[in-house]
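S.K.: This is the structure I want to talk about, given as structure tokens.
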Amino acid sequence: MYWLFMDFRFLYILLPAILLGLYAQFKVKSTYSKYSRVNNSRGWTAAQVARKILDDNGLYDVQIAHISGSLTDNFNPKTMTVSLSDTVYSSSSVAAIGVAAHECGHAVQHAEQYLPIKIRSALVPVTNFGSSIGFIVLAAGLIFSNYSIAMFGVLLYSLMAVFQLVTLPVEYNASSRALKTLEQSLILDDEEVGMAKKVLSAAALTYVAALVSTLATILRLLLIVNSSTRRRD
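Residue numbering for the sequence shown follows full-length UniProt numbering, beginning at 1 and increasing consecutively.
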């Protein structure tokens, strides 16, 4: 019963992060839905825009693929492929073009060896290890009443926050590059660029929400460890 009470109390720590996450998901879906109904005045499709941006940056070896799903768009540096989802690939909407340009922004980042994206790539294996084993180490520490082991588990899990923190400048920079390209290359007019910016800003909020959620979880874990220590004393 004590742990049930503690979990209920810790909900107040997580609740703001949960609400922010829900709002971010609502915001990106509603904003994308709104501007997916606005076609660009020049008749470009998202795939055509992606190809133009890549070619203009000399990235002729980067392929464009059509993948299933909605907003599952991504750039894979291992396969050198910009993958555009069903709702983006052949769409001529302002929203779709903004998303495609954003993914191309990541391709340009890799080509230019943008420092934050190099750091993020290096953190991937470490973060995967920490997030998968952190809770196990934490549980072991609590079971055996070993404060040091428990705190080491929290530290391992905290690598996720470091990864997400580095991700923020990567995502914001990709969006900045995208909007600048769309404007300077006259792919979108000024009003349409403003619409694309709203779509990308909403998408960026999801990364902020993810970081806040992870930080709230870390705080919750620290409180659990400290509470366990106090009970033992």
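All residues carry an ideal CB built from backbone N, CA and C; glycine is no exception.
Keep in mind the model is a prediction, meaning the values are calculated, not measured.
Report the rounded CA-to-CA distance for Thr-81 versus Val-62, giving the unit in angstroms.
M.R.: Straight-line Cα distance between these residues: approximately 5 Å.
S.K.: Rounded to the nearest angstrom, what separates Leu-155 and Gly-21 at their Cα positions?
M.R.: Those two C-alpha atoms are separated by around 23 Å.
S.K.: Between which two residues does the beta strand (DSSP E) carrying Ser-83 extend?
M.R.: Taken as a continuous stretch (DSSP letters only), the beta strand (DSSP E) holding Ser-83 covers 81-84.
S.K.: For Asp-86, collect the residues of the same chain with a Cβ closer than 8 Å to its Cβ; drop the 5 residues on either side in sequence, then sort them by chain order.
M.R.: So the list reads His-66, Ile-67, Ser-68, Gly-69, Ser-70, once near-sequence residues are dropped.
S.K.: Identify the residues that DSSP records as bridge partners of Gln-63: which are they?
M.R.: DSSP lists Thr-81 as partners of Gln-63.
S.K.: Given a cut-off of 8 Å on the beta-carbon distance, is the pair Asp-73 and Glu-103 in contact?
M.R.: Cβ distance < 8 Å, so Asp-73 and Glu-103 count as in contact.
S.K.: Which same chain residues, not among the five before or five after Val-162, have their C-beta less than 8 Å away from its C-beta?
M.R.: Cβ neighbours of Val-162 beyond the five flanking positions: Leu-123, Thr-127.
S.K.: If you measure between the beta carbons of Leu-179 and Asn-40, is that distance less than 8 Å?
M.R.: Against a cut-off of 8 Å, the Cβ pair of Asn-40 and Leu-179 comes out as no contact.
S.K.: My understanding is that Ala-46 touches Val-88, with C-beta atoms under 8 Å, so please give their C-beta distance in whole angstroms.
M.R.: Contact flag correct, Cβ pair sits at about 5 Å.
S.K.: Just tell me which of Asn-76, Met-160, Phe-75, Ala-150 has its CA closest to the CA of Ser-132.
M.R.: Measuring from the Cα of Ser-132, the nearest candidate turns out to be Met-160.
S.K.: Which runs of the beta strand (DSSP E) fall wholly inside the region 75-148 and span at least 3 residues, in chain order?
M.R.: Listed in chain order, they are 81-84.
S.K.: Between the region 167-182 and the region 217-226, do at least 3 Cβ pairs fall closer than 8 Å?
M.R.: Verdict: no, contact absent.
S.K.: Check whether the Cβ atoms of Tyr-157 and Gly-130 lie closer than 8 Å to each other.
M.R.: Against a cut-off of 8 Å, the Cβ pair of Gly-130 and Tyr-157 comes out as a contact.
S.K.: What does a CB cutoff of less than 7 Å around residue 242 pick up in its chain, not counting 5 residues either side in sequence?
M.R.: Because the chain is modelled from 1 through 233, residue 242 falls outside the range shown and cannot be assessed.
S.K.: When we look at the beta-carbon of Thr-79 and count the other beta-carbons within 10 Å, is it buried (16 or more) or exposed?
M.R.: It is exposed - the Cβ of Thr-79 has fewer than 16 other Cβ atoms within 10 Å.
S.K.: Run the CB neighbour count on Gln-113, radius 10 Å, all protein chains shown included, and call it buried at 16 or more, exposed below.
M.R.: When all chains shown are included, Gln-113 counts as exposed.
S.K.: Using 8 Å for Cβ pairs, my map puts Thr-206 next to Val-28. What's the rounded Cβ distance?
M.R.: Indeed, because the Cβ distance is near 6 Å, the residues count as touching under 8 Å.
S.K.: What number of angstroms, rounded off, separates the C-alpha of Ile-13 from the C-alpha of Leu-211?
M.R.: The straight-line gap from Cα to Cα measures roughly 14 Å.
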